[in-house]
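Here's the structure, in structure tokens; my notes come after.
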Amino acid sequence: MFKENLLENKRILVTGGGSGLGKAMSERYLELGAKVYICGRRKSVLEDSAKEMMDKYGGSVIPISCDIKVSEAIEEMIDQIWSDGPLDGLVNNAAGNFISKTEDLSPRAFNAIANIVFNGTFYTTNCVGKRWIKEGLKGSIISILTTWVYSSGPYTVPSAMSKSGLATMTKSLAAEWGNRGIRLNAIAPGPFPTKGAWDRLAPGGKGADMMDSIPMKRTGDLKELSNLAVFLMADGCDYLTGEIVTIDGGQWLNHAGNFYEMLKNVSDDEWDMLRNMIKSSNEADKAKRSV
Ligand code: HXC
344 MFKENLLENK
354 RILVTGGGSG
364 LGKAMSERYL
374 ELGAKVYICG
384 RRKSVLEDSA
394 KEMMDKYGGS
404 VIPISCDIKV
414 SEAIEEMIDQ
424 IWSDGPLDGL
434 VNNAAGNFIS
444 KTEDLSPRAF
454 NAIANIVFNG
464 TFYTTNCVGK
474 RWIKEGLKGS
484 IISILTTWVY
494 SSGPYTVPSA
504 MSKSGLATMT
514 KSLAAEWGNR
524 GIRLNAIAPG
534 PFPTKGAWDR
544 LAPGGKGADM
554 MDSIPMKRTG
564 DLKELSNLAV
574 FLMADGCDYL
584 TGEIVTIDGG
594 QWLNHAGNFY
604 EMLKNVSDDE
614 WDMLRNMIKS
624 SNEADKAKRS
634 V
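Residue numbers (the working numbering): 344 to 634.
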């Protein structure tokens, strides 16, 4: 749906670009001619994904190991990128989430999510924005939200609160930075099943119950999300800023999209089981991060 090389000469950073939604968007940007930087915590995952994408499309994908919870690590990463040349685009995709009864969350559990989604996304946005402003450069930022920013996020409160903050950041900075040619938009995806999200949000096949709530009766295709991310990033929509575009097959208009219906009757024993499944998946990821 786009002309070849639409994104030629663009340099785009995708946080969490080594897997899931981030990888799909990075791949599409590369395919359309952009030079893509991907960051995340798991070096081997980033390197494998970068190689896989370049084997498929050629071009250049640069993997950078960076935990966006740590502001100094972001500064270092952005220094490294800028030493090669300035960015044109940033996609705030990195996130963390798991389902839990809110009364079971400790402060550490809340912070495990909020430090990535809320703090980390702000640190990255401001770090890149400051450079664009200082150097008088235009830029485009896309943040990945969820439809919970319109409705509510029962059983995913730290994520829903953090993503709502990012919706406000998107609109506020679209106004504040608009006169510098910096655009901020956001995408609110519905269910696009990826391993990282589904291990923590639908452990044990719980996601299957959700299909009934989607008017289109299917989950999203990653290509559909990536095409939207290309459209919002491309120069042709320079006047578009401060928008949140929903892509969810109509799910949230059906008063759905959150976990209330699916989880409201889960017993305490079942919650313990789900928590253990999420824990094993987190532990497996941690083991990979230490590689
Ligand atoms: C209650 C839990 C818990 C659970 C962990 N904790 N899992 N509490 N229920 N299921 C608590 C722990 O007990 C601990 O608190 C604290 O959280 C930190 O636990 P860690 O295991 O050390 O977590 P950590 O590895 O730091 O972080 C977890 C994580 C991580 C943030 C989820 O796995 C991660 O970075 N994941 C990235 C991938 C991901 O989550 N993708 C999904 C994104 S989907 P105490 O007090 O006991 O020490 C998304 C939106 C999708 O964002 C929208 C779809 C519609």
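We put the beta carbon where it would ideally sit given N, CA and C, even for glycine. Computed from a predicted model, the values in this text were never measured in an experiment.
Roughly how many angstroms separate the alpha carbons of residue i and residue j, rounded to a whole number?
i: N619; j: T489; result: 25 Å
i: K444; j: G524; result: 42 Å
i: L433; j: S362; result: 16 Å
i: Q594; j: D427; result: 42 Å
i: S423; j: S387; result: Sequence check: residue 423 is Gln here, not Ser. Spanning the two alpha carbons is a distance of roughly 19 Å.
i: R543; j: S623; result: 10 Å
i: C580; j: L480; result: 17 Å
i: P429; j: K549; result: 43 Å
i: M576; j: L606; result: 36 Å
i: G360; j: D431; result: 16 Å
i: Y400; j: M368; result: 14 Å
i: N348; j: G376; result: 5 Å
i: A518; j: W475; result: 16 Å
i: L617; j: N625; result: 12 Å
i: W614; j: T358; result: 31 Å
i: L516; j: A540; result: 28 Å
i: R371; j: S414; result: 28 Å
i: R561; j: T499; result: 22 Å
i: I484; j: D612; result: 43 Å
i: P532; j: A630; result: 29 Å
i: E586; j: N352; result: 25 Å
Just curious, the alpha helix (DSSP H) that residue i is in, first and last residue?
i: Y466; result: T464 to E478
i: Y372; result: G363 to E374
i: V388; result: K386 to Y400
i: L488; result: Unbroken run through L488: none, as it is neither H nor E.
i: R526; result: Careful: R526 lies outside any alpha helix (DSSP H), inside the beta strand (DSSP E) at I525 to P532.
i: R618; result: D611 to R632
i: R561; result: Looking at the DSSP string, R561 is not in any alpha helix (DSSP H), and its letter there is neither H nor E.
i: K514; result: V500 to W520
i: W595; result: Per DSSP, W595 belongs to no alpha helix (DSSP H) and is neither H nor E.
i: N454; result: P450 to A457
i: Y582; result: That residue, Y582, is in no alpha helix (DSSP H); it is neither H nor E in DSSP.
First and last residue of the beta strand (DSSP E) that includes residue i?
i: I355; result: R354 to T358
i: I587; result: I587 to I590
i: V404; result: V404 to S408
Does the distance between the C-beta of residue i and the nearest non-hydrogen atom of the ligand HXC fall short of 7 Å?
i: K566; result: no
i: F461; result: no
i: K629; result: yes
i: T467; result: no
i: T358; result: no
i: A452; result: yes
i: T511; result: no
i: I525; result: no
i: T589; result: no
i: T489; result: yes
i: R543; result: yes
i: P534; result: yes
i: D447; result: yes
i: G361; result: no
i: G539; result: yes
i: R331; result: Coverage of the chain is limited to positions 344 through 634, which leaves residue 331 absent and any answer about it impossible.
i: R561; result: no
i: I530; result: no
i: I621; result: yes
i: I485; result: no
i: S494; result: no
i: I456; result: yes
i: F441; result: yes
i: S507; result: no
Following a CB-centred definition, is residue i positioned closer than 7 Å to any heavy atom of the ligand ATP?
i: I424; result: The ligand ATP is absent from the structure shown, which contains only the ligand HXC.
List the residues that DSSP assigns as beta-bridge partners of residue i.
i: G432; result: I355 and S483
i: I381; result: V357 and P406
Check your understanding: Counting Cβ pairs, one atom from each stretch, are 3 or more of them under 8 Å apart for the segment 389-406 and the segment 435-451?
Key -> No, the segment 389-406 does not touch the segment 435-451.
**Study point:** Touching by the beta-carbon criterion (3+ pairs, under 8 Å), the segment 376-390 and the segment 401-417
**Key:** Touching, yes.
Review point. Does the segment 548-556 touch the segment 594-602, meaning 3 or more C-beta pairs lie closer than 8 Å?
Key: Yes: at least three Cβ pairs fall under 8 Å.
Point to revise | Contact between the segment 456-465 and the segment 500-513 (3+ Cβ pairs under 8 Å) | key: Flag = yes, the segment 456-465 and the segment 500-513 touch.
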